Structure formats: structure tokens, C-alpha cells
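Have a look at the structure below, then the notes.
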Amino acid sequence: MKYIASLLLLAGISAVKAYDYCNACGVVLEEDGVKWGVENNDWCIIPSKCSNTSALNKCFSFPEYLCCDGCNVVEETAEGKWGIENNYWCGIKNSCFGGSDNNEPAKPAFNYNPALQFKEAPYDYQNPCQQAGKIVKESYNGINGGNTLNVYLPYGYDKNKQYNIFYLMHGGGENEGTIFGNDVKLNNILDHMIMKGELEPLIVVTPTFNRCEAGTFYREFRESVIPFVEGKYSTYAKSTSPADIKASRMHRAYGGFSMGSVSTWAVLINSLDIVAYYMPLSGDNWVGNGGYGKAKSVADAIDKSGLSKNQYFIFCATGSEDIAYPNMNPQIDEMKKMPQFVYTSDFSKGNFYYLVANGKTHWWGYVKHYVYDALPYFFHE
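Laid out in C-alpha cells, this is it:
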């Protein structure tokens, strides 16, 4: 360290001190394998996180400025969007806005249909796909005791990438194996959609409420399922701390069929702080009496959350011959009248939609096509 010591002495800085790590990555000098920078008129050591190979450094501002951990934009220049973290400027990653973090521009806006109609997935999507994802059965200890769930990982899953995550709940008399089982095979449809570029690769989790009740599962979901799954698999949550789970809510969705839809409304009412997208399928809200009471309990939860209208999204669906249709309609009609809900399937302009499939009944054979229609509309805002 002879040369660096000489520089320090010339600068009038004592060489006998402990140096802090730099907050940025600009290298002024490298000697004896140590990289040095200067900040606040003092020498600092370039930290290992400044490595070019680090997944943390995929943004426009690196290496002059580190990439932000979060997505809060403070200023925008010709170079890109900037944030401030730990009192230092940092570059906002493209992934905050649906793009790639490999210094590529953000992807174009999603082409929404503002009045989406029911459409079945192509018949061959129900057959095995040449680029098949992986289904992993997991066991965990939750607040209601030991339990199991299934995790769908898309083809080419990479633990170093971040993925949106969709929790999808089964109906009454079913379990966590139903949705990826032989009677539904939703994984085949997901595989084909991803391979054809109709759906961004994502993680899909099928838990079960069979250790509690559909309407109370939100507690296990919050306290046990999310920490277990997102502590093991790569999502947008930096960690499983409450703060990081909340910070990543725009990349998390929850849906369900029949009693799973009941659980979806319950998650919405009790977990808006950690989930942004909801897909209740063939099931109404069980909190409140009558259409107005059920709608109001949802609206009240939204008001309590303090969220803006572009921070929560609800895509409902059922069939016109479904046993749930007469129960859903009064609630949906009342929600359409309330200011908390802007009715359109263009989620760049609204936050609430109700797809009705003519002639379809209460059966996963139809419901899986609702998922095919709705899921591509998630995670763009």
C-alpha cells in the first residue's frame, strides 16, 4: 500500500484509519488487489457488490452509480429513471416497469382488450408441451400444522431471475393436487402459453385450505405460505420480511375456483397490502349480506388500505349456467356502481372486470379457460 499511502499523505489524510465501503462503484485506483474510490473527499473501498457479474448491477447507471433495490422514482433524465437510497442516487432497474435488467429498454405496453370475451385455449394446449415446466411438491409447517402445496416452475426457471407469482386455490372437496392433476392439467396450458409468448414466465403455486377454512386461509397464506414459498423460490420479494413482501405486492396475484373464489375475496379483504391482483372464479364474497353488503365489504377494505385505483386489480369470471352465477351477479352489479371500481378489462385504465362465458357450468373443464383468458392481463401495471 506504499502508493496509496503516499497519495493519502499528499492529500493530508491520515493513513491510519479504517476506510468505509463506497456507496457507488467508480474506481479511482486499484492496488494490491484492492479497488479504491473517493466519496465526500475521502477514500473508500469499492465493495464486492460492484462486481460486473452481480445480478444487482443490471441497470443503466452502473458502474458510476449502483442500481436501486426498490422502484421509487425520484427523477427522470435522458439516461433513465433515478431513485435515492441510503442518501445516494441510484438507477432504477427496467424490471420495475416490465422490461429486462440487461440494460435493454422496457417492453412496450401490453395491448389490452377493454371488453375481453371468453375464448377457450387451443385444443392442443391441453396436451404435454415440448417446453414443459416443473411441478414440485413441497411440505411446510404452517400456523395450522404441517401442510403441502405444489409449485409450478416455468421451463428454464433460473434462480437468478425474478418471477411474478400466482397463488391459485382449488374448490371444495379438492386439494392442492387438483389443478395440476389429470382432471385439469393447467400446467400444460401454462407451458404452451409461455412457449408461444402469450404469457411471461411465472411461478404458480397451488396451496390448500383443507387445514382450516376457505374464508380464513388468508392467515396461513400471509404467515406461512408466502414466507415458505418466496423464501425458497425467486420472486420480486428481496426477502420474506414484512416490508419486502409489501414492497413486491404488484408482482403477486391470488385466485381460486368455487370455494377457492371465496378464499380469494377473503384474501382481498385482508391482504391488500401484500397482493395486487385477484382472480375470483365462480364464487362470490361471503363477507356481508346481499349484493350490496358483499360489495361494500370489499370497497371498505380498499378504503382502509389507502391504495389508489391503479394499485389493485380484480378479474372475475364465471359461466352463465354456473351455480355461482346468481350469487355473483348482485355483488358485481353493486361493485360497478361504487367509485372504488373502474370497470374495464384494460387495466391501464381501470381495475375491475367480470367475464361471463355463455352456457358454461361449474366445472374445472371450463374454468381452466377462464385462467387462460385472464392471467395474461396480470402484472403489467
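Heads up: the sequence shown runs through residues -18 to -1, 1 to 363, numbered per mature numbering (1 follows the signal peptide of the UniProt record, and there is no 0).
Glycine included, C-beta positions come from ideal geometry on N, C-alpha and C.
From a predicted model like this one, the values you see are computed outputs, not experimental measurements.
Sub-8 Å separation of residue i and residue j beta-carbons
i           : j    : result
V186        : L172 : yes
V324        : K286 : no
D283        : I256 : The amino acid at residue 283 is misidentified as Asp; the sequence shows Ala. Not closer than 8 Å, so no.
G341        : E303 : yes
Y145        : T198 : no
residue 378 : K167 : Residue 378 cannot be examined here, being either before or after the span of the chain that is shown, -18 to 363.
H362        : F334 : no
residue 378 : E202 : With the chain running from -18 to 363 in the structure shown, residue 378 is simply not present.
P19         : C50  : Note that residue 19 is Gly in the sequence shown here, rather than Pro. Cβ distance not < 8 Å, so G19 and C50 don't count as in contact.
C7          : I27  : no
Limits of the alpha helix (DSSP H) - the one that residue i falls within
i    : result
N123 : Where N123 is concerned, there is no enclosing alpha helix (DSSP H), although the beta strand (DSSP E) it sits in stretches over 116 to 124.
T246 : 241 to 253
N76  : Where N76 is concerned, there is no enclosing alpha helix (DSSP H), given that its DSSP letter is neither H nor E.
K17  : First-last for K17: 16 to 21, but that is the beta strand (DSSP E), not the alpha helix (DSSP H).
K220 : No alpha helix (DSSP H) holds K220; DSSP gives it neither H nor E.
Exposed unless 16 or more other CB atoms sit within 10 angstroms - verdict on residue i
i           : result
E205        : exposed
P136        : buried
E86         : Confidence in E86 is poor, its pLDDT being 48 and thus under 50, which makes the residue's placement unreliable; the coordinate value appears in the next sentence. Its Cβ having fewer than 16 others within 10 Å, E86 is exposed.
A299        : buried
N164        : exposed
Y354        : buried
T246        : buried
Q99         : exposed
P262        : buried
K319        : exposed
residue 369 : The chain is shown only over -18 to 363; residue 369 falls outside these bounds and no answer can be derived.
P96         : exposed
Boundaries (first-last residue) of the beta strand (DSSP E) holding residue i
i    : result
D285 : Run containing D285: none in the beta strand (DSSP E); it sits in the alpha helix (DSSP H), 272 to 287.
D24  : 24 to 27
V186 : 184 to 188
E202 : No beta strand (DSSP E) contains E202, which is instead part of the alpha helix (DSSP H) from 199 to 202.
K228 : Where K228 is concerned, there is no enclosing beta strand (DSSP E), although the alpha helix (DSSP H) it sits in stretches over 224 to 229.
K63  : 63 to 67
K94  : The identity of residue 94 in the sequence shown is Tyr, whereas the question assumes Lys. That residue, Y94, is in no beta strand (DSSP E); it is neither H nor E in DSSP.
Reference residue i; option with closest CA among the options
i    : options                : result
H351 : D106, E195, P96        : D106
T190 : I147, E120, A225       : E120
N22  : L11, D14, C4, E12      : C4
V133 : N126, E158, G153, R231 : E158
Identify every run of the beta strand (DSSP E) within the segment 293 to 350, keeping only runs that are complete inside it and at least 3 residues long; order them along the chain.
295 to 301, 334 to 339
Unbroken beta strand (DSSP E) runs of length 3 or more, entirely within the segment 123 to 174: which are they?
127 to 135, 146 to 151
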